[in-house]
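In my numbering, the protein residues as written are 5 to 133.
Listed below in structure tokens is the structure:
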């Protein structure tokens, strides 16, 4: 007598989703290729943007370091160059003096240049004026 076939009984519990490999179609691969190309372009754009920002930050830091150096030198030397009013006068002796208006200090005393001598002669009032 042949053996009796026994049928296995299964009881469904639930259906779940699992991440498993799936073979892609040609259309799927083309779509993924387009997505890859777009992503490469986005990466290049982002790298360019970040480089530009980095260059701006580097330039700003260079400006700050230069300012720091200038201020440190000014403090160390206890002086800095500024525009100062200077009075230039021709004396009867033929010398020209350059005097700081703010302190009255004579900073240059020299012989008059030829054009200054001519200028001074033209400014002398004639007798009877």
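We put the beta carbon where it would ideally sit given N, CA and C, even for glycine.
Task: Residue from 44, 15 and 86 with nearest C-alpha to residue 104 - done: Residue numbering aside, residue 104 sits at position 100 when the chain shown is read from its first letter. When each option's Cα is compared against that of residue 104, the closest is 86.
Task: Beta-carbon proximity check, residue 28 vs residue 18, cutoff 9 Å - done: For the purposes of this step, residue 28 is identified with residue 24 of the chain shown, where counting begins at 1. For the purposes of this step, residue 18 is identified with residue 14 of the chain shown, where counting begins at 1. Cβ atoms of residue 28 and residue 18: not closer than 9 Å.
Task: Rounded separation between residue 112 and residue 118 - CA only - done: As a first step, residue 112 must be located in the chain shown, where it is residue number 108. As a first step, residue 118 must be located in the chain shown, where it is residue number 114. Each residue's Cα considered, the two are about 17 Å apart.
Task: Range covered by the beta strand (DSSP E) that runs through residue 114 - done: Start at 1 with the first residue of the chain shown, and residue 114 comes out as number 110. 110 to 115 is the extent of the beta strand (DSSP E) around residue 114.
Open item on the list: Considering only DSSP beta bridges, list what residue 65 is partnered with.
Closed with: For this step, residue 65 is matched to residue 61 along the chain shown. BP columns for residue 65 are empty, so no partner.
Task: C-alpha gap between residue 79 and residue 68, whole angstroms - done: Taking the first residue of the chain shown as 1, we reach residue 79 at position 75. Taking the first residue of the chain shown as 1, we reach residue 68 at position 64. Taking the straight line from one Cα to the other gives about 16 Å.
Open item on the list: Between which residues of its own chain and residue 116 is the CB-CB distance below 8 Å, once the five residues before and five after are set aside?
Closed with: Taking the chain shown and counting its residues from 1, the one referred to as residue 116 is at position 112. Excluding residues within five positions, the ones whose Cβ falls inside 8 Å are 94, 98, 99, 100 and 124.
- [ ] Return helix, strand or coil for residue 78, following the three-state DSSP convention.
- [x] Along the chain shown, read from residue 1 onward, the residue named residue 78 stands at position 74. Of the three classes helix, strand and coil, the one that applies to residue 78 here is helix, per DSSP.
- [ ] Check whether the Cβ atoms of residue 91 and residue 109 lie closer than 9 Å to each other.
- [x] Working through the chain shown from its first residue, we reach residue 91 at position 87. Working through the chain shown from its first residue, we reach residue 109 at position 105. Against a cut-off of 9 Å, the Cβ pair of residue 109 and residue 91 comes out as no contact.
Task: DSSP three-state assignment for residue 88, whether helix, strand or coil - done: The residue labelled residue 88 in the question sits at position 84 within the chain shown. DSSP places residue 88 in coil when its eight states are reduced to three.
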